[in-house]
Amino acid sequence: MRRDRAVELRPAHIRAFLCLAEARHLVRVLADRLGGDYLWPGFDVTRVPVIFYHDGSEAFLLQHPDPPDEFERVRIPIPGLEEAEFHYHRGPLPYLPAVREVEAGGLRTAALPLSFFSTVAPPEALTVGLVHDLFHVFAASLGLEAADLRVLSRYPELDPTNNALGTLEGLILHDFLTDTLRDFLTEAPGTGPAPGGGVEPERTAYEFCLVRRERRGPLEDEVIDYEQQLEAREGLARYVEVKALIGAGSPEYEPSRAFRTLSGRDTYSLAPELVGNRLARLREINVKAAGAAWWRFFETGMALGLFADHIEPKWKSEVARGATLDSVVERGVRFLGDPGDERELDRLKEKYDYESRLETEWAFSLDERRRRDGLLARLLGAEGTRFTFDVSDLIPEETWWDSGRFTMVWDPSAVDTVSQNVRIHKRGLRFKGFGTDLRFKDLPVVEDLKHRLFHVSVPVKGALNLEGDGHPFSLGLGAQFEDGLEVRLPGVHARARSGYVKNLGETLYIKITR
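Take a look at the structure:
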């Protein structure tokens, strides 16, 4: 491995490195001052490898004990990172770009694009956001089970009752947390949290569990598991993020030189506002199905962690051993039994205007289903040329997205589910593995899960001359390829090893066989 190569740094590189230096300082100081369990037992950001990358052209690797051979050491003077080793790679890497995490040199490694470190975001948010992503990698070592994303297409995200009751869950947690944190949220910038709150945690636990039990009554066990897994894997990272902000917002905390360089300030003056904004999201969950199948569980997972701090000092070790967040909260709840619980549930529904919310959700559900059906029809009948990529031969149906041979990179927050078998990826996706690489960038893609098809329309008509087996051919005439196909069109880049192409009239059908 060559050493100490000179590299040219972008401003975003400097922001990323300064954020890492401050994150290391912040987590260490909070552990020293408030105890190693304050964020999470055993969490040490300096022991989590991290890659900062720019598109597919270059990447920096830090905090890795044994960097892969493709990286070479470089010397970069950053305050707070004097003892850290920087390693650099120019050119593409097979595991980048990635969503949050990759394997580099045999180790789980956080992966963040330079675009994450935007000048628009305040330094406080960038720093704790980096802590959030480093915790994700650490949390994988705890054995927290990842959510089964196959359930996403079956989740009842447009069910009016599920959404109206889901909103009540968020409101109950919001009211408790904003009350207990009111001194931190309302004090002058730079001050820390003070004891406060008059809401009894036992009462809040009962109310929350009463509503959640009512909402989950009709749900399948797999759907409930999916919710609990999202609350643990995603929600706990947000919990750590918010706890870091609360600790950094106290008057006792002194930021590092790196933070002062990054922000020009001596305190986390925006911490109360950022925490308040995060808690305010609890009021929005499930409102007109907002985040109903996805990000709402990030927020309730965070909130349940903050709430558990008030009722069970050892809850983190229990979760690390496999307990769900809601089971920790429910353990001490004493239900009244009928008719007492029914009366209390009715009281909560009246308090939070449930009937009006339910009526709104019914109207929204009908409108949204019509909108999605119309969107599907427009996409399949759009002007231009429609392509259908068939990958059904690559993976047996029973192992579909479970197979480790292939990876699908997609954004669950940008998906419209039309049915259990059909969903629309509004921002595109990437499917890759074993010689196949399908990239749809900034184009809506219709995914047929049952038949394992991707439908996409591109704004191109007429003869489309592409390359198969190293020779150009016309898609309009069809062809068979045994030694490689490459398709390059606006928003579409597809490569495969073998298969065939047919013009079916309404679509150009590309069957990939290996």
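One rule links them: number in the working numbering = place in the sequence shown (from 1) + 835.
Don't be surprised by glycine CBs; every beta carbon is placed ideally from N, CA and C.
None of these values were measured; they are calculated from a predicted model.
Mark residue i as exposed unless 16 or more other C-beta atoms lie within 10 angstroms of its C-beta, in which case mark it buried.
i	result
R1221	buried
K1151	buried
T954	exposed
T1015	buried
G1082	buried
D1161	buried
V1295	exposed
L853	buried
E959	buried
E1042	buried
S1098	buried
S1091	buried
F1255	Position check: residue 1255 holds Gln in this sequence, whereas Phe was assumed. Classification for Q1255: exposed.
L1320	buried
L1339	exposed
A1124	buried
F933	The sequence shown places Ala at residue 933, rather than the Phe named in the question. So A933 counts as buried.
G1172	exposed
R868	exposed
P1053	exposed
G915	buried
V1244	exposed
Going by C-alpha to C-alpha distance, which of the options sits closest to residue i?
i	options	result
H1145	D1251, L1201, R1038 and A1217	R1038
P1279	V1250, F1269 and V1110	V1250
E1147	V1164, V1226 and D1208	V1164
A1143	P1036, G926 and S1104	P1036
V972	A960, V986, N997 and A939	A939
D1318	G1334, L1215 and H1328	G1334
A1093	E1185, R935, T1102 and H1290	T1102
D968	Y1061, Y1074 and E907	Y1074
R845	V880, G870 and A894	A894
I1259	L874, V1293 and A1212	A1212
N1121	S1098, V1295 and D994	D994
E1057	P991, F1011, T1013 and S1248	P991
W1129	P900, S988, R1118 and L1339	S988
R908	L1105, P914 and Y923	Y923
L1341	N1256, A1217 and L1320	Just to set this straight, residue 1341 is Glu in the shown sequence, not Leu. The shortest C-alpha separation from E1341 is found at A1217.
L1003	A1127, A866 and P903	A1127
I849	R925, V937 and F952	F952
D1010	L1045, V986, R925 and L1117	L1117
I1007	Y1187, I1230, L1339 and N1338	Y1187
T1159	L1171, L1139 and D1173	L1139
I1230	G870, H899, H1286 and P876	H1286
L1012	E980, N1112, A981 and R910	N1112
A1072	L1193, R1192, F970 and P1053	F970
R925	E917, V864, E905 and V937	E905
E843	L1273, R1349, H889 and T881	H889
P957	V1046, R1100 and V880	R1100
With respect to 7 Å, is the separation between the Cβ of residue i and the closest non-hydrogen atom of the ligand HEM below this value?
i	result
H924	For the structure depicted, the ligand HEM is absent and the ligand set is empty, with no information on it obtainable.
One question on the structure: do residue i and residue j come within less than 8 Å of each other, judged by their Cβ atoms?
i	j	result
V885	T944	yes
E1066	T1135	yes
R1262	D1277	yes
V966	A1040	no
F878	L897	no
V1336	A1329	no
L1324	V1281	no
G1326	F1275	yes
M1137	G1070	yes
R935	A919	no
A851	L928	no
D1228	I1347	yes
I913	A856	yes
G1270	R1332	yes
I1345	F1224	yes
F1132	E1062	yes
A1115	G1084	no
L942	G891	no
I1059	R1048	no
Q1064	A982	yes
L1020	V1110	yes
L979	R1068	yes
R1207	V1253	yes
Would residue i pass as an interface residue toward chain C - the criterion being a Cβ-Cβ separation below 8 Å?
i	result
L928	Absent from the structure is chain C; it holds one protein chain and no more.
Discussion item. My parser needs the beta strand (DSSP E) runs of 3 or more residues fully inside the segment 942-966; what are they?
Written reply: Within the segment 942-966, the complete beta strand (DSSP E) runs of at least 3 residues are 942-948.
Item to complete: Decide if the segment 1177-1194 is in contact with the segment 969-984; the criterion is three or more beta carbon pairs, one per stretch, under 8 Å apart.
Response: Segments in contact, no.
Worksheet entry | Segments of 4+ residues assigned as alpha helix (DSSP H) that fall wholly inside the segment 871-932 | DSSP runs (the alpha helix (DSSP H)) wholly in the segment 871-932: none.
Discussion item. I'd like to know if the segment 990-1007 and the segment 1194-1207 are in contact, where contact means that at least 3 CB-CB pairs between them fall below 8 Å.
Written reply: Remark: three or more beta-carbon pairs, one from each stretch, lie closer than 8 Å, so the segment 990-1007 and the segment 1194-1207 are flagged as touching.
Practice prompt. Please go through the segment 1212-1273 and give each complete beta strand (DSSP E) segment of 3 or more residues, from N-terminal end onward.
Written response: Fully enclosed beta strand (DSSP E) runs of 3 or longer: 1220-1225, 1242-1244, 1250-1252, 1257-1260 and 1263-1268.
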